[in-house]
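Below: the structure, in structure tokens.
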Amino acid sequence: MRSAKKKKINTSKNSGGVNLSGNQIVNLVNTGAEVIKSGFDWLNEIEKTKQIAIEAKVRITESNNKLASELAKFEKDIFEIQRKFEIEFKKLDDDFKLKNRQLDLIEKLIDKIDKIEIEIKIYQKEEGLTSQSVMIL
Numbered sequence: 001m002r003s004a005k006k007k008k009i010n011t012s013k014n015s016g017g018v019n020l021s022g023n024q025i026v027n028l029v030n031t032g033a034e035v036i037k038s039g040f041d042w043l044n045e046i047e048k049t050k051q052i053a054i055e056a057k058v059r060i061t062e063s064n065n066k067l068a069s070e071l072a073k074f075e076k077d078i079f080e081i082q083r084k085f086e087i088e089f090k091k092l093d094d095d096f097k098l099k100n101r102q103l104d105l106i107e108k109l110i111d112k113i114d115k116i117e118i119e120i121k122i123y124q125k126e127e128g129l130t131s132q133s134v135m136i137l
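Numbering of the sequence shown is given in our numbering, commencing with residue 1 and proceeding in unit increments.
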């Protein structure tokens with residue numbers, strides 16, 4: 001090993017060099033090594049970040065595919081509900097029309113019965129049929 005004394009390295013002053021002691025050179029080399037190590041650490045972190053980004057993109061793609069599948073299922077379910085609603089509405093509409101038709105027929109029958117009752121009362125008055133049993137309709 002070399003002695004712990006600081007040795008001066010002379011560089012030519014004509015070349016614009018700097019005089020550094022042995023410890024300074026060692027410190028400079030150590031600092032350079034730390035900077036390089038730090039750079040490699042950063043590169044490793046960048047690679048890890050890239051890998052995490054790739055994994056996140058895969059999860060996002062899977063999630064998007066699942067959402068698209070769920071959306072398609074939802075749209076299918078909505079279409080089925082709409083179809084059932086239209087069928088049920090048609091049935092209700094048909095039932096409503098049928099009930100209205102029945103009510104119209106019943107009204108016509110009641111009107112005819114009322115007219116017949118009036119005609120019977122008129123006939124009874126004209127024929128002189130005035131007993132209680134005959135007059136009650």
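C-beta: ideal position from N, C-alpha, C; glycine also.
Bear in mind that the values here come from a model prediction, so they are computed numbers and not experimental data.
query: Length of the line joining the Cα atoms of I25 and S38; result: 19 Å
query: Cβ neighbour criterion (16 or more within 10 Å) applied to E126; result: exposed
query: Host alpha helix (DSSP H) of N64 (start-end); result: G22 to E127
query: Beta carbon proximity, I120 to chain C, threshold 9 Å; result: Here chain C cannot be found, since the structure has a single protein chain.
query: Through-space distance from F74 to T61, alpha-carbon basis; result: 19 Å
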